[in-house]
Every structure is written in structure tokens, then in C-alpha cells.
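Asker:
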Amino acid sequence: MSSSRPRLSAATAGVGGARPGVGIVHLGLGAFHRAHQAVLTRRAMAAVPGDWAICAVGQRNPTVRDALAAQDGLFTVVERDASGERTEVVDSIREVLLAPAEPELLTSRLSEVEVVTITVTEAGYRHDPATGRLRVDDPDVAADLAGRPPRTVVGQLVRGLAARRRAGGAGQTVLSCDNLPFNGRLVRGLVREFCQLRGEHELVDWVEASVAFPSTVVDQIVPATTAEDLDRVEERLGLVDLAAVVGEPYRQWVIEDDFAAGRPSWERAGAELVADIAPRQAAKLRLLNGTHSALAYLGMLAGLASTAEAVAREEFAAFATRLVREETGPSLLRFGVEVGESEIDTLLTRLANPRISHRLAQIGADGPRKLPQRLLEPAAELLAAGREPRLICLALAGYLRHNQLSTLEFLPSELAGSPVFTTLLADAARRLDRDGVEQTLRRVSEERS
1 MSSSRPRLSA ATAGVGGARP GVGIVHLGLG AFHRAHQAVL TRRAMAAVPG DWAICAVGQR
61 NPTVRDALAA QDGLFTVVER DASGERTEVV DSIREVLLAP AEPELLTSRL SEVEVVTITV
121 TEAGYRHDPA TGRLRVDDPD VAADLAGRPP RTVVGQLVRG LAARRRAGGA GQTVLSCDNL
181 PFNGRLVRGL VREFCQLRGE HELVDWVEAS VAFPSTVVDQ IVPATTAEDL DRVEERLGLV
241 DLAAVVGEPY RQWVIEDDFA AGRPSWERAG AELVADIAPR QAAKLRLLNG THSALAYLGM
301 LAGLASTAEA VAREEFAAFA TRLVREETGP SLLRFGVEVG ESEIDTLLTR LANPRISHRL
361 AQIGADGPRK LPQRLLEPAA ELLAAGREPR LICLALAGYL RHNQLSTLEF LPSELAGSPV
421 FTTLLADAAR RLDRDGVEQT LRRVSEERS
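Anchor point for the sequence shown: position 62 equals 62 in the UniProt record's numbering, and the numbering is continuous, going up by one each time.
1. By how many angstroms is the C-alpha of Arg7 removed from the C-alpha of Asp241?
2. In three-state terms, what does DSSP make of Thr152?
3. Which value, in whole angstroms, describes the spacing of the CA atoms of Ala99 and Gln156?
4. List the whole-angstrom C-beta distance separating Ala243 from Ala82, where the pair is believed to meet the contact cut-off of C-beta under 8 angstroms.
5. What does the Cβ neighbour count give for Arg133, buried or exposed, with the cut at 16 atoms within 10 Å?
6. Tell whether a beta-carbon distance below 8 angstroms holds between Ser71 and Ser9.
7. Going by DSSP, what residue range makes up the alpha helix (DSSP H) through Gln172?
8. If you count every other CB in all the chains shown that lies within 10 Å of the CB of Thr307, and 16 or more means buried, which is it?
9. To which residues of the same chain is Glu193 closer than 6 angstroms at the C-beta, ignoring the five residues directly before and after it?
10. Hey, would you say Thr87 sits closer than 8 angstroms to Arg268, going by beta carbons?
11. Taking Val324 and Leu287 to be in contact with their CB atoms under 8 angstroms, please state how far apart those CB atoms are, rounded to whole angstroms.
12. Does the Cβ of Asn353 have 16 or more other Cβ atoms within 10 Å, making it buried, or fewer, making it exposed?
13. Skipping 5 residues on each side, what residues in its chain have a beta carbon closer than 7 angstroms to that of Ser215?
14. Measuring only the C-alpha atoms, how far is Pro445 from Ser342?
15. Quick check: Ala53 and Val22, are their CB atoms within less than 8 angstroms of each other?
16. Apart from the five residues just before and just after Ala162, which ones in its own chain have a Cβ nearer than 6 angstroms to its Cβ?
17. Compute the Euclidean distance between the alpha carbons of Ala227 and Val25, then round it to the nearest angstrom.
18. Is the beta carbon of Glu142 sitting closer than 8 angstroms to the one on Arg151?
19. Starting from His201, trace the alpha helix (DSSP H) in both directions and tell me its first and last residue.
20. Kindly indicate which three-state DSSP category Glu272 falls into: helix, strand or coil?
21. Can you give me the start and stop residues for the alpha helix (DSSP H) that His358 sits inside?
22. Using a Cβ distance threshold of 8 angstroms, determine whether the stretch 317-335 contacts the stretch 396-405, with at least three qualifying pairs required.
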């Protein structure tokens, strides 16, 4: 993009005076972090001032690092929904690094701060999801274990923790904000395993005593920024911003209240601190993610492209409502979570947001990894309680037909061996074959629960 307008920066945005000092290192410089944690950290510092600015670290691609460096760490967040759009210039990122290019500086920064946050997606942890163990055959993991400048997030964390221990530093909190169940436990286990493989047993003991790994639940729909988005931001600001991000207004950040040292007052910005993450985690996976997956496979069978396009169709909206009201919602009762009509309305409003294009193809990718927690676990629990997961089975039949499969090879034994479940799934697949998606959903909406 070529423009004669000036670039967003501290000078052009009028951000004057001293800015807060760095108190957080964030590993992963993607759009989600900028739209979510960076915004909430800015708001937390506005509510309770403190030196909690962020040193944000890119892992591979220098594009975002370069864009932010040229803008003094400033960037624009655009929130869009049916009522319009709102923009906010965010100034909570104080420093930007690229991990492979600045390993020593990264280690120094990691050793200095009380909080480290992470968004690198599941693949960034270089682990086997089935076992939770490091992939030691991964070339980058092997290189990190050999003591080379770290190229993996776990290697970077361990190097920083070792430097903090040598310097006599106090405790530290490591917060994974990736969409993984019990993500804090995962990172703790990977750090411990890395240290053990390197024979650093004293570091293992120090980490166990001094470092907290709270699990978190995060939620916000943040699509990839387009060239058109950047143009709109430029027109609105009168400044060029090559690091702008676009997302929905809704943000959720639930954090286990287990910190080793200081932290920003995130609760003043809307974050929730809880003793037990499990209920909120299950609710997010089953309500939002489960509905996403159901709409993705059935919607793509109908030739639809986005969640908003799907929910705009009466038969899809009715199906999503019943799925939550009658099956995935009630499955949460064992966690002590009751899903009311207001929660269902909020969910459908988010999914119907016409200003956010959440692609069904993106949601539907990697079904064998996503579906067990989103739909299969609630199906098994409903069956155990004597209830039939008919709507879940229809969503799973959509997965089969979209992927042109005859069987679900990743079924847990309690479902694979259930005559009720297998009959419901086979019947749902036959109905899709015979009547098509739209007619099947219309008939389902007319049936009694």
C-alpha cells in the first residue's frame, strides 16, 4: 500500500510524556494478542497505573515486528458489529523483538519481568497433543536442547527462567493464552520436561517453587486483517497503520487466580480471576466452539462461507439455538453451569455479526483434533445421563458428508460401542443424503425435543 499520509507514531498520534515501563514479555505477535490482551492490559493500566507495558516478541516473520517498530509500538484496534465500528489506538506495546534475530536481548527481557504471556497457537509448543510431550525429533526442539539460541517458545522460556534464577530474581508467572485445554498445565509440563532432558534438575526445583502457570480461557473473534481494513483505518485516522487489527467487541479472558508475583489489574478491564478454570473452559469449548463446528460442516454442505451467512438463515439459527438449549448447554450441568436464554442470545448475536467474516472453512479445519472436546465429550455425557444427542449427531453427520467419509475414526470407545449413538449418527447421515441440509434442518426445527 502506497500513501502520502504520515505513519502512525507517538508523535503523530499525540502520545506524549513518559510511557509505562515494560513489565510483561509476550511471545507471539499475532492479531489475536493485539486485539485482546494488549487492549485489556492498556485498560488495566488506565484503571490502575503501573509499569506493565509489553515487550512483544515475534517468532518468525518480521513483518509485524517491523510495522510496530516503525510506529513506536502503536496500532489501531477496530471493533465491528451490526451497530457500526469503533477504533482505539493502543499504546501498551512498548518494545518489539524478533526472537531468532535477538536471542540474547530476549533472554534478558524474559529474566527481568514478572509476567510472561503467550499466543503462538497449538503448533507453537512443538508437542504431541496426544501425550503432551515435547516432539524431541523436531529439528528446532533438538537444537534448543543442544544449547543453541532457542527457536522454540519452550526453549525461550527455559533460557529466560534460568537467567532469572541465576540473577536471584523472584517468582514469575507464565500465562498461556492459546485455545488449549488447561494450557497452563501443558506449559508447566513442557518446561519441566525440557529442563529434565537437559539435566537441569536444580532449575526444575526452582521452577516448581517459584513459577506459576495459571490456565486461561480466551475468547474473541479476530479475523485476518485485509488490505481493505488497512485502507479504512487510514481514512479514519488520517494516518497509515500497517499493524491495525479488526475484531468483534466481545472479549473474554478468564484466568486462574494463581500468580507468583505482581500483575496488572486485569480484572478492572473485564478479565475474570477464578479458582477453577474447568467450568469456563468447558462452556467455551461446548457453546461457542461446538456451535462453530456444527455450523461449519452443515453450512459448507449448503454452500455457505461464514458464520454470519449461516446464522442469517432461519433454519441454521433455529438449529444452533436448539443445539445449545437442548444438548451442549445441558451437558454443562455437571460443571455447575446453567445456560440461560440470555447466554444463548449473546452467542447467536456474536455469530450473526455481519461486520466480522469468520470463515467456515477455517473453523472446520482439523476436525479430528477439535471435535472430541467440542461435541463428542458432551454427546457421551448426555448418553450417560439417559439423553439422546440427536442434534450433535446431525452436526457430526455434517462433518462426515463434508469430508466424504463413511465413519468417524476418532470416536472414543464409549461412543463407538454405543448402539444408540451409532444409530443416531447413521440416521442423521441418511437424512442429509435424502433431504439435503436445508430441508433436514427445517424438519429438525419442527420436531419436538
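Using N, Cα and C, we set each Cβ at its ideal position, and we do this for glycine too.
On a predicted model such as this, the values are computed, not experimentally measured, just so you know.
Answerer: Judging by the given coordinates:
1. 6 angstroms
2. coil
3. 8 angstroms
4. At roughly 26 angstroms, the Cβ-Cβ gap does not stay under 8 angstroms, so Ala243 and Ala82 are not in contact.
5. exposed
6. Per the sequence shown, residue 71 should be read as Gln rather than Ser. Yes, the pair counts as a contact, with Cβ atoms nearer than the cut-off.
7. Where Gln172 is concerned, there is no enclosing alpha helix (DSSP H), although the beta strand (DSSP E) it sits in stretches over Gln172 to Ser176.
8. buried
9. Leu134
10. no
11. 6 angstroms
12. buried
13. Phe182, Asn183, Gly184, Arg185, Glu256 and Ile277
14. Here residue 445 turns out to be Ser, not Pro, going by the sequence shown. Rounded to the nearest angstrom, the two C-alpha atoms are 20 angstroms apart.
15. yes
16. Leu203
17. 29 angstroms
18. Residue 142 is actually Ala in this sequence, not Glu. Taking 8 angstroms as the Cβ cut-off, Ala142 and Arg151 do not qualify as a contacting pair.
19. His201 to Ser210
20. strand
21. Taken as a continuous stretch (DSSP letters only), His358 belongs to no alpha helix (DSSP H), as it is neither H nor E.
22. no
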